[in-house]
Amino acid sequence: MKKEITATPVPEHERMKFMPFLYTTYCFILAEQTMFRTARKISKDYQGGHWQFVKLSNGSGYAYPEGPTKFNVRVSGNDFEGMLSREAFGIVCTLFALSNACAYAFMKEKTAANESLAERYHQLLDFVQTLPEAKLIFKAID
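With the first letter of the sequence shown counted as 1, position 126 gets the number 125 in numbering that gives the first Met the number 0; the numbers rise by one all the way through.
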């Protein structure tokens, strides 16, 4: 039996530490840019703004925009089209950023960063499996 994964909002005083925690100190700037770029690319509803950060009890986390409660999403690479909640939209953007950062760390032969990023990616996927929008999220990242 799998242990329940809980999601906890990151308090304001810990926000500066979240991105280096999630994306490693080696890749966090690249990954943060990738996350925002992905948001702009896959949804015309995304207009920038403040993002909330969430830590997961299994060691991963994700971010999501405070903007609209729903985003119309289109991923041209796999022909996914659908409406996602802002949390699901943020998880998709976070997964794309983790994947990209993982590939970058691998290419640069940064083994520790690569392994941490891969672990966080899979831990986030474990959390996704518990969500009502799991099927849509998996289709979006396929």
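Note that CB positions come from ideal geometry on N, CA and C, so glycine has one too.
Alpha-carbon to alpha-carbon, residue j and residue i
| i | j | result |
| --- | --- | --- |
| Arg-85 | Tyr-63 | 6 Å |
| Ala-117 | Asp-141 | 16 Å |
| Phe-137 | Tyr-45 | 20 Å |
| Glu-132 | Gly-48 | 23 Å |
| Thr-23 | Ala-112 | 6 Å |
| Val-53 | Glu-65 | 12 Å |
| Thr-7 | Met-15 | 16 Å |
| Trp-50 | Glu-108 | 31 Å |
| Phe-35 | Ile-90 | 12 Å |
| Met-106 | Leu-21 | 19 Å |
| Ser-115 | Leu-94 | 14 Å |
| Asn-99 | Pro-67 | 26 Å |
Delimiting residues of the beta strand (DSSP E) encompassing residue i
| i | result |
| --- | --- |
| Val-228 | What is shown of the chain runs 0 to 141, which leaves residue 228 out entirely. |
| Glu-80 | 79-84 |
| Val-72 | 69-74 |
| Gly-60 | 60-64 |
Beta-carbon spacing of residue i, residue j below 8 Å
| i | j | result |
| --- | --- | --- |
| Ala-30 | Cys-92 | no |
| Leu-130 | Leu-97 | no |
| Gly-81 | Phe-17 | no |
| Phe-70 | Leu-83 | yes |
| Asp-125 | Ile-4 | yes |
Counted within 10 angstroms of its Cβ, other Cβ atoms place residue i as buried (16 or more) or exposed
| i | result |
| --- | --- |
| Asn-57 | buried |
| Lys-134 | exposed |
| Gly-76 | exposed |
| Ala-104 | buried |
| Ile-41 | buried |
| Ala-102 | exposed |
| Arg-119 | buried |
Residue i - containing alpha helix (DSSP H), residue span
| i | result |
| --- | --- |
| Thr-5 | Counting along the chain, Thr-5 falls outside any alpha helix (DSSP H), and DSSP gives it neither H nor E. |
| Leu-130 | Premise fails: Leu-130 is in no alpha helix (DSSP H) and is neither H nor E. |
- Query: Counting only runs that start and end within the segment 4-51, where is the alpha helix (DSSP H) found for 4 or more residues in a row?
  - Reply: 14-41
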